[in-house]
Amino acid sequence: KMYGAVWCSHCQAQKKLFGSAFKLINYVECTTDAQKCIDAKIESYPTWTFADGNRLVGEQSFESLAKAASCPVPNIQTK
């Protein structure tokens, strides 16, 4: 799950990193769902939380998100 804010440039960069696949991310917009962010003790954006209770704060790479989520990243080669 990613917690963010519409005005956050790092959140925008994370959304861009995923491109059209971002729609698959469980995203909480803290400017409209403030209580969810308060309850989750979100202090900065973006904050990523994982099923095991771990979290990553700040802009992340695919690799760091994949490692935290125990999800392998396919090796895609472009020509």
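For what it's worth, the working numbering labels the leading residue of the sequence shown as 307, then goes sequentially. The C-beta atom is built at its ideal place from N, Cα and C for all residues, glycine as well. In this text the structure is predicted, and so the values were computed from the model without any measurement.
| message | What residue range does the beta strand (DSSP E) around L362 cover? | response | Indexing the sequence shown from 1 puts residue 362 at position 56. Taken as a continuous stretch (DSSP letters only), the beta strand (DSSP E) holding L362 covers R361 to V363.
| said: As an exercise, report each continuous alpha helix (DSSP H) stretch of at least 4 residues that is fully enclosed by the stretch 339-375, in chain order. | reply: 340-345 and 368-375
| request: Starting from the C-beta of T337, find all residues in its chain whose C-beta is less than 6 Å away, skip the five residues before and the five after it, and write them out in chain order. | output: As a first step, residue 337 must be located in the sequence shown, where it is residue number 31. Excluding positions up to five away in sequence, the list reads A311 and V312.
| query | Would the beta-carbon of G364 fall within 9 Å of that of S350? | reply | By 1-based counting over the sequence shown, the position of residue 364 is 58. By 1-based counting over the sequence shown, the position of residue 350 is 44. Yes, they are a contact pair.
| said: For the beta strand (DSSP E) containing G279, name the first residue and the last one. | reply: The structure shown does not extend to residue 279, since the chain is modelled only from 307 to 385, so the question has no answer here.
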